[in-house]
Amino acid sequence: MNDSDAHLERIRAQFGKQAEVYARMRQATDERSLNALVQLTGADTDARVLDVACGPGFLTMAFAARCRSAVGFDATEQFLAIARAEAEHRGLRNIEFRYGNAEQLPFDAGTFDIVSCRAAFHHFARPARVLAEMKRVAAPRGRIMIADMMSSEDPDKAEYHNRMDRLVDPTHVRALCPSEFECLFATVGLAARFQATVPFDMEVEEWIAHGGVDASTTAEIRALVDATIDTDRCGLNMRRQDGALWFTYPSGVFVLERAA
Numbered sequence: 001m002n003d004s005d006a007h008l009e010r011i012r013a014q015f016g017k018q019a020e021v022y023a024r025m026r027q028a029t030d031e032r033s034l035n036a037l038v039q040l041t042g043a044d045t046d047a048r049v050l051d052v053a054c055g056p057g058f059l060t061m062a063f064a065a066r067c068r069s070a071v072g073f074d075a076t077e078q079f080l081a082i083a084r085a086e087a088e089h090r091g092l093r094n095i096e097f098r099y100g101n102a103e104q105l106p107f108d109a110g111t112f113d114i115v116s117c118r119a120a121f122h123h124f125a126r127p128a129r130v131l132a133e134m135k136r137v138a139a140p141r142g143r144i145m146i147a148d149m150m151s152s153e154d155p156d157k158a159e160y161h162n163r164m165d166r167l168v169d170p171t172h173v174r175a176l177c178p179s180e181f182e183c184l185f186a187t188v189g190l191a192a193r194f195q196a197t198v199p200f201d202m203e204v205e206e207w208i209a210h211g212g213v214d215a216s217t218t219a220e221i222r223a224l225v226d227a228t229i230d231t232d233r234c235g236l237n238m239r240r241q242d243g244a245l246w247f248t249y250p251s252g253v254f255v256l257e258r259a260a
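In terms of the working numbering, the sequence shown is residues 1 to 260.
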């Protein structure tokens, strides 16, 4: 088993344990942001869509409500069970969910008009390999949409941010900064036709809870949080607000096409 395979097994263990908790998070379920992402891709009623690392499938379902067909693809069976049950509850008939490894997508080249991936690139051990696969299965004039948290361009702040996220969720590899995303796209031969940074506010206790960590790790996370409130050592505007601790993820949203 290579390092990438071992990491994938950690993802399956982590999200298998925490699938129900994650599926209830506002980050996963917010219909307004999901529909905005669908609209940004230019999806129409003829579009064939693949949603990579779909988790509980809410973005996949948002595409299915608008497009000809949508396939959700994930490495965690527990997520897929939640997604299938919810799609059945909604009466969606143009949707399916598939299990597997995003580094080896089981689809022919050029199959999909839109290939999306939301809130997952920070989990990938080899993001360039995943993105290359997304490009391969996209139609020649297809679009690729990526939405994910970003870290600061300041390397010290980025490391502090990633250190905290790895404690909350051991499958977190690294949140890329904007310039690293640009380099990643260029490496794979993609160019951004649209990009934006969207702030996403997160309450610290919800963030910690979604990782399901033990008391000792929770205490370590809280100590790191306390240490950055007045100095913003993590670049996330950690703050006290309305009697709770909050921070703001800068989320990068990119719609990509093959580079000329």
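Where is the CB? At the ideal position from N, CA and C, for every residue including glycine.
Boundaries (first-last residue) of the alpha helix (DSSP H) holding residue i
i: residue 16; result: 3-23
i: residue 205; result: 204-211
i: residue 164; result: 155-168
i: residue 51; result: Residue 51 -> not in any alpha helix (DSSP H); beta strand (DSSP E) instead, spanning 48-52.
i: residue 185; result: 178-188
i: residue 104; result: Here residue 104 belongs to no alpha helix (DSSP H), and DSSP marks it neither H nor E.
i: residue 29; result: 26-29
i: residue 79; result: 77-90
Residue i, buried or exposed, once every other Cβ within 10 Å from all chains shown has been counted against 16
i: residue 116; result: buried
i: residue 179; result: exposed
i: residue 57; result: buried
i: residue 109; result: exposed
i: residue 201; result: exposed
i: residue 33; result: buried
i: residue 140; result: exposed
i: residue 99; result: exposed
i: residue 127; result: buried
i: residue 233; result: buried
i: residue 60; result: buried
i: residue 192; result: buried
i: residue 28; result: buried
Alpha-carbon to alpha-carbon, residue j and residue i
i: residue 258; j: residue 130; result: 15 angstroms
i: residue 222; j: residue 199; result: 22 angstroms
i: residue 134; j: residue 144; result: 7 angstroms
i: residue 13; j: residue 171; result: 9 angstroms
i: residue 114; j: residue 184; result: 19 angstroms
i: residue 243; j: residue 186; result: 44 angstroms
i: residue 157; j: residue 24; result: 29 angstroms
i: residue 147; j: residue 215; result: 31 angstroms
i: residue 101; j: residue 95; result: 19 angstroms
i: residue 252; j: residue 132; result: 19 angstroms
i: residue 152; j: residue 249; result: 10 angstroms
i: residue 63; j: residue 53; result: 14 angstroms
i: residue 80; j: residue 138; result: 22 angstroms
i: residue 2; j: residue 124; result: 14 angstroms
i: residue 174; j: residue 85; result: 31 angstroms
i: residue 82; j: residue 9; result: 19 angstroms
i: residue 19; j: residue 169; result: 13 angstroms
i: residue 188; j: residue 97; result: 26 angstroms
i: residue 159; j: residue 150; result: 12 angstroms
i: residue 211; j: residue 228; result: 20 angstroms
i: residue 111; j: residue 245; result: 44 angstroms
i: residue 218; j: residue 142; result: 43 angstroms
i: residue 155; j: residue 224; result: 17 angstroms
i: residue 182; j: residue 194; result: 12 angstroms
Bridge partners - residue i, DSSP secondary structure assignment
i: residue 61; result: Paired residues: none, contrary to the question.
i: residue 145; result: 116, 255
i: residue 199; result: 250
i: residue 66; result: Paired residues: none, contrary to the question.
i: residue 131; result: According to DSSP, which records beta bridges pairwise, residue 131 is partnered with nothing at all.
i: residue 245; result: 240
i: residue 194; result: 255
i: residue 215; result: Paired residues: none, contrary to the question.
i: residue 138; result: 112
The beta strand (DSSP E) enclosing residue i, as first and last residue numbers
i: residue 73; result: 69-74
i: residue 95; result: 95-99
i: residue 241; result: 239-241
C-beta neighbour in chain B for residue i, strict 7 angstroms
i: residue 146; result: Of the protein chains in the structure, only one exists, and it is not chain B.
Kindly confirm or deny that the region 119-126 and the region 79-97 touch, where touching means at least three C-beta pairs closer than 8 angstroms. no
Check whether the region 27-46 touches the region 151-167, counting contact only when three or more Cβ pairs, one atom from each stretch, lie closer than 8 angstroms. Output reads no: the region 151-167 does not touch the region 27-46.
Touching or not, the region 43-57 and the region 65-76, by the rule of three or more beta carbon pairs under 8 angstroms? yes
When the Cβ atoms of the region 14-29 are set against those of the region 70-78, are three or more pairs found closer than 8 angstroms? yes
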